[in-house]
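Peer 1: The structure is given below, and queries will be raised subsequently.
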Amino acid sequence: MSSQASKDHLEGQKPPLLVDDHSVATVRDSKILVLLRGLPGSGKTTLAKAIEQKYKDTSRLISADEHQIKPAVRSSSGSDYSKLDDELTTCFEKREATLVILDDTHHDRERLDKLFDMANMYHFAVVILEPKTPWRLDCAQLKDRNHWKLSLEELKNLRPTLEKELLPLYFGWFLAKRDEDGMRKTSHEFLEQLGNLKAFKKRLLPYGCEDKQKLDLLKYFAKSPNILHCTAKYCDYGKVLGSEEYAQQEAVKKAYSKGYTLHISALFATPKTVGAQVELQPDQLLVWPADAEKEVMPKDTFPKGSRAHITLGTAADIQDVQTGIDLLEFIKLQQSGKDGEHLGDLTGAVAGKVSYYDNGMWLLNLSRKLEVKSIFSGYYGKPGVSVPLRGSKKGILNQCQIM
Ligand code: 2AM
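Each step along the sequence shown adds one to the number in our numbering, with nothing skipped, and position 310 is 311.
Here it is, written out as structure tokens:
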């Protein structure tokens, strides 16, 4: 290999958030917790320091080594971590950094669960990075490389906990903080203007309200995802058939931690969900699963990417997954030649044509597409514990008021 080719090869092994300008700009606008993961001596610290250097002004590197936490099977959930966790909590609470990098083996599931909980609580998206060094799983080499002087035996004990990839609840594009705030405002504006539309006020029955009542759509859609995102592949931590294969795809590996701009062409509201339609670009379609549409509507045929959306809110007792199903219902009607009835126009940030499709289905075709920055990553969280949502059941009380 020529020296240039070898340099290119090494650059190609670095995660996008380190080498790709658009990704760097997106990370700067996001709140991200980077977890380095791997055996001692595998190259985590080198990678962690490179990321810290790249984001000097906005990052904070916290290292288990500096807290004298020796990597060992089942040692990680004990009190060794109390000082590190204090540092991490202070960093989150005092907003000391928008990119927090944790350098540790991260081999212990219990420890990871605790970190995922903390990331959720402070609205940080999680990115898990592993060094790509050729010796990362080679215990014989690692024995001489790790500064903890772990024996071959100790390394071999740790290895099984780290050689299997950690699969998320789902992979997807997570909106950068600044664009997420903007998107939430846009969603409020849409619901407010839609709720005030004369035509909407005349068609309240599907929303469980009588005519002459006022429906507060912001209260009706009180639940909203913790971090707005466009799901690419739902894995349920590996329980969903094909999720391991998905994670192994070269395109998915390349996309992980990369910044993407999502194009939003329409907003929609149904009695169950409110969402944004995402028009996936060719590079985004590379990580879109071939069966994403069939997964929820097996009998119908849609162009690849039709289900791509951002859930903005859901009504009481409705699961997020419903938003993509609702979007496909609109597309199905459009495919059958029913384009909806043009019943009004919205203005300002949500300028566009409003169409009504029966059964309380409203679609706003935006005059100007919205563009939001996002990072492709996974949502991890604790298995068996539902994803934290903003809003609560209480929020949907009094959703209808007599005018
Ligand atoms: P969403 O993408 O429509 O918001 C956790 O449930 C997340 O995974 C949600 O964001 C959810 O919906 C998404 N998701 C995608 N497919 C799913 C499925 N088959 N079951 C549950 N959730 C799914």
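Every residue, glycine too, gets a C-beta built ideally from N, C-alpha and C.
If you're wondering where the values come from, they're calculated on a predicted model, not measured in any experiment.
1. Given a cut-off of 8 Å, decide if P226 and P272 are closer than it, judged by their beta-carbon atoms.
2. What does the Cβ neighbour count give for H107, buried or exposed, with the cut at 16 atoms within 10 Å?
3. Considering only their Cβ atoms, is the gap separating F172 from K259 smaller than 8 Å?
4. What are the start and end residues of the alpha helix (DSSP H) that includes T46?
5. My parser needs the alpha helix (DSSP H) runs of 4 or more residues fully inside the region 237–299; what are they?
6. What are the boundary residues of the alpha helix (DSSP H) that Y221 is part of?
7. Using a Cβ-Cβ cut-off of 7 Å (strictly less than) and excluding sequence neighbours within five positions of F117, which residues of its own chain qualify?
8. For a test of your reading of the model: does the CB of V127 fall under 7 Å from any non-hydrogen atom of the ligand 2AM? Yes or no.
9. I'd like to know if the region 331–343 and the region 145–162 are in contact, where contact means that at least 3 CB-CB pairs between them fall below 8 Å.
10. Going by DSSP, what residue range makes up the beta strand (DSSP E) through A126?
11. Cα-Cα, which of S43, K215 and A177 is closest to R29?
12. Verify whether the separation of the beta carbon atoms of D104 and S64 is less than 8 Å.
13. How would you write the range of the beta strand (DSSP E) that K374 sits in, first residue to last?
14. Compute the Euclidean distance between the alpha carbons of I311 and A352, then round it to the nearest angstrom.
15. Confirm, please, whether the CB-CB distance from K305 to A291 is below 8 Å.
16. Are the region 243–257 and the region 161–172 in contact at 8 Å, needing three or more beta carbon pairs?
17. Below 6 Å CB to CB, which residues in the same chain sit around L18 once its five sequence neighbours on both sides are set aside?
18. Between which two residues does the alpha helix (DSSP H) containing E94 stretch?
19. In whole angstroms, give me the CA-to-CA distance for K255 and P16.
Peer 2: With the given structure in hand:
1. no
2. buried
3. No.
4. K45 to K55
5. 244–249, 251–256, 283–286 and 293–297
6. L218 to Y221
7. So the list reads V127, Y381, G382 and K383, once near-sequence residues are dropped.
8. no
9. Short answer: they don't touch.
10. A126 to L130
11. Cα-wise, what sits closest to R29 is A177.
12. yes
13. Run containing K374: W363 to Y380, per the beta strand (DSSP E) assignment.
14. 19 Å
15. yes
16. yes
17. Only S24, V28 and S258 meet the Cβ criterion.
18. S83 to E94
19. 8 Å
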